[in-house]
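Protein chains: 6
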Amino acid sequence: MPLAIPSEMTHGQEADLFVLMTAKEELTTRDGKPYYKVGFRDHAREVTFPIWHDSPWGADCREAWQPGSFYKLRAIYRDTTYGPQLELRKIREVCSADSADGFSPAMCLPQTRFDAKVLFDELLAMAREQIFDKALCALVVDLLETNREALLTLPAATHNHHAFVGGWVEHVHSVTRTSVYLADKYDDYYPDMKPRLNKGLVVAGAILHDIGKLREIEERPQGAEYTAAGNLIGHILQGRDIVREAAIGRQLDPEMLLRLEHIIVAHQRLPEWGSPKPPMTPEALLVHYADDIDAKYHMMATILRDDTNTGPVTSKKNVLYQKIYRGEQ
Amino acid sequence: MPLAIPSEMTHGQEADLFVLMTAKEELTTRDGKPYYKVGFRDHAREVTFPIWHDSPWGADCREAWQPGSFYKLRAIYRDTTYGPQLELRKIREVCSADSADGFSPAMCLPQTRFDAKVLFDELLAMAREQIFDKALCALVVDLLETNREALLTLPAATHNHHAFVGGWVEHVHSVTRTSVYLADKYDDYYPDMKPRLNKGLVVAGAILHDIGKLREIEERPQGAEYTAAGNLIGHILQGRDIVREAAIGRQLDPEMLLRLEHIIVAHQRLPEWGSPKPPMTPEALLVHYADDIDAKYHMMATILRDDTNTGPVTSKKNVLYQKIYRGEQ
Amino acid sequence: MPLAIPSEMTHGQEADLFVLMTAKEELTTRDGKPYYKVGFRDHAREVTFPIWHDSPWGADCREAWQPGSFYKLRAIYRDTTYGPQLELRKIREVCSADSADGFSPAMCLPQTRFDAKVLFDELLAMAREQIFDKALCALVVDLLETNREALLTLPAATHNHHAFVGGWVEHVHSVTRTSVYLADKYDDYYPDMKPRLNKGLVVAGAILHDIGKLREIEERPQGAEYTAAGNLIGHILQGRDIVREAAIGRQLDPEMLLRLEHIIVAHQRLPEWGSPKPPMTPEALLVHYADDIDAKYHMMATILRDDTNTGPVTSKKNVLYQKIYRGEQ
Amino acid sequence: MPLAIPSEMTHGQEADLFVLMTAKEELTTRDGKPYYKVGFRDHAREVTFPIWHDSPWGADCREAWQPGSFYKLRAIYRDTTYGPQLELRKIREVCSADSADGFSPAMCLPQTRFDAKVLFDELLAMAREQIFDKALCALVVDLLETNREALLTLPAATHNHHAFVGGWVEHVHSVTRTSVYLADKYDDYYPDMKPRLNKGLVVAGAILHDIGKLREIEERPQGAEYTAAGNLIGHILQGRDIVREAAIGRQLDPEMLLRLEHIIVAHQRLPEWGSPKPPMTPEALLVHYADDIDAKYHMMATILRDDTNTGPVTSKKNVLYQKIYRGEQ
Amino acid sequence: MPLAIPSEMTHGQEADLFVLMTAKEELTTRDGKPYYKVGFRDHAREVTFPIWHDSPWGADCREAWQPGSFYKLRAIYRDTTYGPQLELRKIREVCSADSADGFSPAMCLPQTRFDAKVLFDELLAMAREQIFDKALCALVVDLLETNREALLTLPAATHNHHAFVGGWVEHVHSVTRTSVYLADKYDDYYPDMKPRLNKGLVVAGAILHDIGKLREIEERPQGAEYTAAGNLIGHILQGRDIVREAAIGRQLDPEMLLRLEHIIVAHQRLPEWGSPKPPMTPEALLVHYADDIDAKYHMMATILRDDTNTGPVTSKKNVLYQKIYRGEQ
Amino acid sequence: MPLAIPSEMTHGQEADLFVLMTAKEELTTRDGKPYYKVGFRDHAREVTFPIWHDSPWGADCREAWQPGSFYKLRAIYRDTTYGPQLELRKIREVCSADSADGFSPAMCLPQTRFDAKVLFDELLAMAREQIFDKALCALVVDLLETNREALLTLPAATHNHHAFVGGWVEHVHSVTRTSVYLADKYDDYYPDMKPRLNKGLVVAGAILHDIGKLREIEERPQGAEYTAAGNLIGHILQGRDIVREAAIGRQLDPEMLLRLEHIIVAHQRLPEWGSPKPPMTPEALLVHYADDIDAKYHMMATILRDDTNTGPVTSKKNVLYQKIYRGEQ
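Chains as they are written, first to last, in the numbering used here: chain A, 1 to 329; chain B, 1 to 329; chain C, 1 to 329; chain D, 1 to 329; chain E, 1 to 329; chain F, 1 to 329.
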């Protein structure tokens with residue numbers, strides 16, 4: 001049986017599939033018939049359907065299947081009036097031998113549309129080229145390199161925006177690019193500002209503004225979750241910790257370090273948005289805006305992509321809590 | 001007697017000066033001695049000092065001098081413990097012949113550090129090159145050209161930010177440049193967004209977002225003031241009027257016009273910031289951010305320039321209602 | 001078979017009916033039985049019931065029936081434990097010949113309890129008699145007469161208050177009456193106010209405060225919806241547009257026009273309620289209150305009518321987000 | 001020497017005056033010259049001027065004169081560049097014999113422009129005619145009659161609105177009139193509301209909504225002040241007390257009493273405006289609006305009367321914290 | 001058949017039970033099968049299950065069973081995949097003879113873990129020993145004794161916190177203890193405060209701060225509900241009424257009474273939390289805090305007990321609207 | 001000449017004094033007479049008076065005297081109508097020999113009424129006795145001992161509350177005592193809470209909740225000021241840093257450390273009050289309340305002490321922005 005990519009299957013097609021189990025919920029119809037609502041996904045599509053208790057898969061589903069585990073299925077795909085469905089023929093957990101057939105967990109998770117490694121390398125290049133202070137540059141580069149593996153897959157959030165594999169690097173790369181643009185521009189406009197805008201600091205702040213996500217978020221197959229410290233302390237304080245720990249033993253100017261910490265602390269601008277201090281330096285102001293634009297634009301683009309309302313405006317039920325205008329099309 | 005520029009005079013220097021009278025307030029000391037507190041300014045410095053009722057200038061000051069009028073003075077400049085002072089020798093109102101000596105009203109008003117004409121021409125060029133829809137391009141270009149004289153001197157606000165001669169063109173030029181950057185970037189990131197980002201619309205919206213200032217603000221020698229309609233209606237609605245009036249008789253796509261109006265209506269984002277509708281299109285979102293960054297950065301730079309606090313932080317009493325960190329210097 | 005009015009039918013009665021189809025939603029029971037949930041209404045009652053896929057009407061329902069279309073039914077009405085139900089015998093779309101039997105679309109929509117034409121004529125009379133400035137009076141009268149047909153059926157909102165056929169004229173008529181009362185009263189109390197209260201302006205503002213609904217709301221059989229411009233611009237700005245367009249070419253005093261525009265702009269009082277400017281004139285203040293009372297009283301009366309809670313207070317789940325006290329009855 | 005009314009004197013006029021002393025503040029000029037700033041007023045004008053320590057009146061002023069006392073002065077009135085001034089010739093405290101010359105304390109206090117007794121009698125008449133429930137009518141009438149003397153002079157507030165002698169009766173009379181209008185109107189609009197609007201209750205609530213001012217405010221010559229209970233409890237709760245105490249021993253329907261109390265409790269609508277509960281009955285809603293309009297209109301009229309800004313808009317520094325538009329005049 | 005306590009029954013056990021009926025709701029499955037969802041509870045567990053219309057109990061359920069009534073059941077208890085269920089064998093309403101078998105209504109309601117009588121007596125003792133002013137002490141003691149029966153069972157709220165039988169006395173006892181501690185402590189810290197802290201007043205205020213619940217809440221078998229006056233007036237104002245009524249005819253110092261009333265009025269601190277006045281005396285401040293801590297701690301403990309989330313944090317859906325951290329266990 | 005304590009001097013007394021210079025501001029009277037407004041203080045009183053430029057001390061004042069320096073004066077104290085004044089006879093800066101006469105800087109600064117060393121030792125004792133976890137106890141004890149000198153004099157704030165020498169230890173000692181009380185009490189009430197309340201953690205959190213003040217505030221003779229990091233980062237984050245740094249190399253349970261950090265992070269409860277996270281554990285909740293009561297009670301007591309309003313209520317112009325009721329006295 002040929003291997004297929006679930007999100008590319010068509011009505012009636014039978015194939016072998018690698019999927020992640022995302023849900024198993026025990027429910028009952030109102031008149032008492034029990035079933036499991038199960039979900040399986042690849043990187044782009046999630047399929048949900050019932051396994052009746054008295055069906056051939058009922059006992060197996062109850063006892064063995066685990067959300068968060070990966071499975072190899074043989075199934076027939078159907079587009080039905082109840083949405084896409086899979087009619088199971090075989091199911092077993094993925095084993096190490098499956099990598100030979102091309103299986104990797106990442107193929108079952110939503111992820112950045114970009115090549116995370118390319119973005120990461122460009123981020124490193126920006127750090128190396130645009131942060132002129134040597135000690136500061138080294139701090140940023142070392143932090144990136146030390147955490148390379150984790151940062152390549154880290155999402156930028158558990159929901160809201162860039163909540164997918166590689167979301168951190170996609171978002172941070174974009175924020176840093178905008179920050180470079182704004183720093184060049186405004187330094188040019190206000191060359192006499194005292195103290196003068198420190199472009200290297202803007203770049204360092206942009207790259208590290210969300211570094212605390214490393215400790216706030218735990219990646220799990222079912223989706224990212226907050227760590228205990230993420231819940232009790234939050235990524236802003238944890239990001240500052242990472243920077244302070246990395247600064248120990250370096251020849252970093254203390255005033256520079258303080259300003260860098262402030263960029264992280266202030267990047268969400270208002271207390272009710274999570275920042276204990278508002279941007280009090282021009283560098284912090286620029287990073288805040290570069291970050292905010294990128295997050296909000298991503299949200300708007302995602303709403304336009306996913307909203308299912310017909311008509312010229314989307315529903316209000318989205319992460320921005322407002323209608324978006326799509327227009328007559 | 002040589003002509004001097006007031007803001008460049010030094011202690012003890014005597015010279016002839018062209019100035020604008022900015023204040024004449026009748027006061028009395030606590031023990032009953034009456035005087036006028038008068039103010040005179042050139043483009044960069046304002047000097048305030050008393051004219052005692054019983055001094056040689058007392059009667060003239062009371063009867064003839066008018067704030068808002070321009071004067072030619074002969075005076076000695078002194079730096080005193082009470083701030084800069086002018087000791088008057090002669091004073092008369094400016095007459096038409098003074099232009100021969102280089103007098104122009106603009107030399108007595110605070111103004112943009114840039115060449116307003118150059119900025120204006122660059123703005124026109126951006127309109128011509130980056131707004132691809134012909135009707136939309138023509139609308140924007142015509143509006144700029146029709147109002148060229150007024151827009152070259154219009155301030156961007158009566159206070160808050162860019163509140164000086166040429167402030168409008170300085171601010172709008174900057175907002176438009178950032179908008180071009182953001183539009184190019186985000187169209188590149190989300191090429192499949194439906195509908196796709198309309199860059200020309202972003203540019204048109206950026207150029208026209210504050211066009212209502214033409215009707216909201218009245219330039220007067222003593223400083224800009226709100227018009228009656230500025231008070232009762234406001235520049236957001238008036239800016240939309242200007243665009244709608246200019247659109248009459250053109251072949252502008254109605255959906256395009258609606259989206260352009262929306263950018264103007266939504267550019268301050270929240271109701272309490274003045275926008276009856278939040279940005280509901282990606283184009284409006286980008287213009288909002290480009291505008292907000294430029295205003296806030298200008299405020300911060302101005303606070304850093306003007307704050308007189310000693311120590312590493314400024315006072316809280318400024319247009320941002322917060323301390324700005326200047327650092328140890 | 002005799003024609004019946006659906007909202008007046010009784011248990012077991014069989015009759016022919018004219019109805020509007022309001023809903024057709026494809027659903028499935030938890031154990032997989034598919035059906036359509038359909039809805040039909042006349043002016044006062046909506047009936048919702050299932051059409052099973054495998055019933056005689058299943059195919060017809062799926063392929064032909066359209067929400068928003070009008071139908072002639074033959075059906076038996078039943079009060080059941082699942083609410084009112086219709087057992088269909090026949091169904092066909094309404095045709096032009098049905099008007100001979102008394103069909104009109106309006107008979108299937110919720111509407112004002114008053115005679116809209118009477119209200120409209122009284123509104124016109126108030127305009128003619130109480131707006132003393134000739135140009136202003138002509139502007140208002142012309143606007144009413146030009147839009148007579150639309151205004152006779154326009155709802156005052158898509159939901160919230162007066163959201164039914166003729167809601168606009170019912171609401172505006174009431175607001176204008178209260179405004180006349182308040183203007184007379186307060187002019188009498190403060191005869192020396194400078195400038196004196198302009199009663200004609202109050203009346204004009206009251207009549208036109210919601211005129212923008214003409215462009216904000218689109219009437220459709222299934223209920224009113226926002227137009228694209230309604231979403232992106234809103235009725236306050238659009239109402240001002242209508243007035244400004246109508247003023248072109250008239251001899252209307254510009255100060256008078258400005259004050260009229262301000263009444264429209266400010267009639268919702270606070271930015272978060274939709275007004276970019278607060279009432280800054282006595283005229284605008286009075287119209288705001290007359291409008292607000294009428295809307296809130298209508299909401300309260302409607303909640304008291306529709307709430308199904310037993311006991312002395314209603315639920316909090318209503319347009320006022322609070323409990324209303326009904327008392328022991 | 002003839003008696004004059006201070007607010008009608010003209011420059012250079014010498015006369016005898018009855019006045020209230022409103023201020024005596026010990027100050028010193030910056031160079032150390034001590035003086036008292038004293039104030040005297042009649043019902044319409046307040047004059048403030050210095051009494052130098054070393055002047056003939058210095059010792060007397062220090063030892064004897066008391067703000068809050070009434071004085072008979074002989075003085076010359078002068079309009080000066082420092083505002084209106086009195087040049088004292090004689091001063092003595094008012095004595096009982098002065099009533100023979102027409103002195104009464106009320107002539108020195110700001111007061112209602114209306115005849116308080118007429119308003120009061122009309123209020124009584126409204127109570128008698130429009131409150132149909134006998135027990136309720138008797139309660140209201142008795143409360144008015146019992147407190148007649150105090151209510152004839154009570155201000156409606158210590159500042160904000162109607163803060164003058166007779167302010168309570170002026171304001172309550174107006175609120176009651178509007179309430180009658182609204183009750184008649186809306187009962188007519190919603191005759192089927194359940195329970196039906198109780199007009200008598202609206203009238204009773206309107207008359208008594210501010211009855212708590214009797215205990216909240218203490219009238220003093222220098223102006224009204226809050227009582228201890230006014231500060232700690234407030235007029236809303238105290239007004240309800242007055243009603244509850246008056247209801248003891250009457251045959252008032254408990255549900256009626258409860259609804260009346262609720263009108264008082266809810267008449268300021270929002271917690272942050274002072275009401276612990278929002279209007280939860282139609283009667284409370286109407287009284288709230290009738291009250292709010294009257295207060296806000298009074299504020300706006302007073303601002304238009306007193307604001308000293310030149311130009312078309314008033315200052316923002318007033319009880320409404322916003323500009324009012326006066327227009328070009 | 002032996003009597004069992006429902007919340008202690010185990011799978012398969014058959015027994016006789018005394019229960020309170022808490023719910024009877026008529027529902028239908030999506031495919032049209034009608035049933036009643038019924039609920040029965042004892043003091044610690046509620047069981048909900050369907051009675052099908054066509055089952056042997058269908059008719060009886062429809063016609064006779066009443067939520068709020070007590071029943072004696074014979075039933076088999078089962079833990080099923082649909083939660084706990086009862087299979088009915090017999091059912092009849094409780095009769096007076098059942099008390100002989102140990103039935104009391106309280107055994108079917110959630111209640112305080114403490115002995116309410118002991119708490120009540122301790123509260124009385126605190127009043128007698130710590131309120132030094134005799135008249136004040138007598139007022140408090142009399143109020144407690146007069147309402148002893150009601151206060152022994154009154155809940156502290158209908159939901160939010162201490163919403164169970166005896167909740168009032170549990171909460172008030174705890175608040176009073178903390179208030180005694182704080183009063184002793186802060187009087188010791190600020191012995192020179194003028195006026196000095198009145199500890200007796202703190203204790204009286206603590207005991208009476210929620211006395212208004214007597215009139216705000218009505219205990220019913222199905223759970224506490226707001227009275228009409230509770231809805232329209234609220235417990236803060238009603239509690240002050242109780243105190244004022246009780247003070248009539250006593251020799252209580254009026255200033256003392258006023259300060260006591262203020263403690264009640266201000267104990268929720270902010271208008272939006274229900275207090276028309278903020279704490280303006282040290283006594284009111286202490287009672288506010290003692291009350292607030294006790295309520296919030298109870299909420300947090302209850303959330304930790306009841307939340308069913310797995311993992312280290314609870315859900316946000318609770319009375320505090322936030323996550324609580326439970327930790328890894 | 002005998003040494004006197006400035007705040008105990010009486011009218012006409014001449015003596016030698018040790019004082020701190022607190023202010024030197026160059027001013028001019030309105031008619032142009034220049035002077036310095038100088039201020040001197042001891043621990044309880046500040047005296048402000050003019051030094052005229054042309055007086056014998058004029059030149060010395062201008063050139064030599066420095067706010068923040070300590071001086072020995074010989075002066076005559078006078079109570080005048082312009083407040084307390086000093087007539088200088090001699091002035092010189094304090095020298096090392098003055099300690100022999102009893103001079104110490106602390107005698108010139110406002111300070112705690114308590115013996116800071118006693119409070120500190122009691123705090124240490126509470127730490128040793130009530131924190132049962134050895135590693136946690138050691139961490140707290142070491143932090144106290146290491147910073148003993150600084151903590152003995154640190155104020156708790158630059159203004160708001162406990163803004164004087166020793167304010168930190170006075171406040172923290174009090175907060176810890178209340179926390180011990182609350183922890184004992186609520187652990188007793190909810191012994192089954194899971195996880196059980198950790199009293200030692202409450203005590204540790206109470207002692208360390210404001211430890212960040214060590215880095216936020218800089219003590220200077222003229223009064224405490226924010227450090228650069230205090231402005232940009234704030235004491236909450238800095239306090240957590242101190243704890244984390246101290247935990248390095250200890251055997252502290254990571255979960256315990258995390259919960260301790262959370263207490264510090266959450267102790268101000270709301271974002272707008274400075275806490276990025278709300279209290280999410282029972283321990284954090286108790287410390288928040290113990291802290292908040294102590295701060296607010298101190299504010300209220302201080303307002304009652306310092307307010308100069310006559311009458312039963314204080315002014316609103318204080319750190320609580322509300323009136324405090326003092327009562328008739």
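By construction, the Cβ of each residue, glycine as well, lies at the ideal position given by its N, Cα and C atoms.
The C-beta of VAL265 (chain F) comes closer than 8 Å to at least one C-beta of chain A.
GLN130 (chain B) places its beta carbon less than 8 Å from that of LYS199 (chain B). Taking CB atoms only, HIS43 (chain B) has no neighbour in chain C less than 8 Å away.
Between the alpha carbons of ARG326 (chain F) and MET21 (chain F) lies a gap of roughly 34 Å. Per DSSP, the unbroken alpha helix (DSSP H) holding PHE120 (chain F) starts and ends at 116 to 130.
Burial check for ARG92 (chain E): the Cβ neighbour count within 10 Å stays below 16, so the residue is exposed. Comparing alpha-carbon positions, the option among E:ASP307, E:VAL172, E:ARG215 lying closest to HIS288 (chain E) turns out to be E:VAL172. Your pair PHE70 (chain B) and PHE18 (chain B) checks out as a contact, with CB atoms roughly 7 Å apart and the cut at 8 Å. Within chain F, the residues ASN231 have their CB atoms less than 7 Å from the CB of LYS323 (chain B), given in chain order. By the C-beta criterion, the stretch 315 to 322 of chain A is judged to be in contact with the stretch 299 to 306 of chain A, since at least 3 inter-stretch pairs fall below 8 Å. Beta-bridge pairing by DSSP links THR48 (chain D) to D:GLY39. Judged by DSSP secondary structure, GLU328 (chain E) falls outside any alpha helix (DSSP H); it is assigned neither H nor E. Taking CB atoms only, ALA247 (chain E) has no neighbour in chain C less than 8 Å away. Taking C-beta separations shorter than 8 Å and ignoring five residues to either side along the sequence, the partners of ILE324 (chain F) in its chain run MET300, ILE303, LEU304, ASP307, VAL313, THR314, ASN318, following chain order. For THR80 (chain C), the uninterrupted beta strand (DSSP E) segment begins and ends at 70 to 80.
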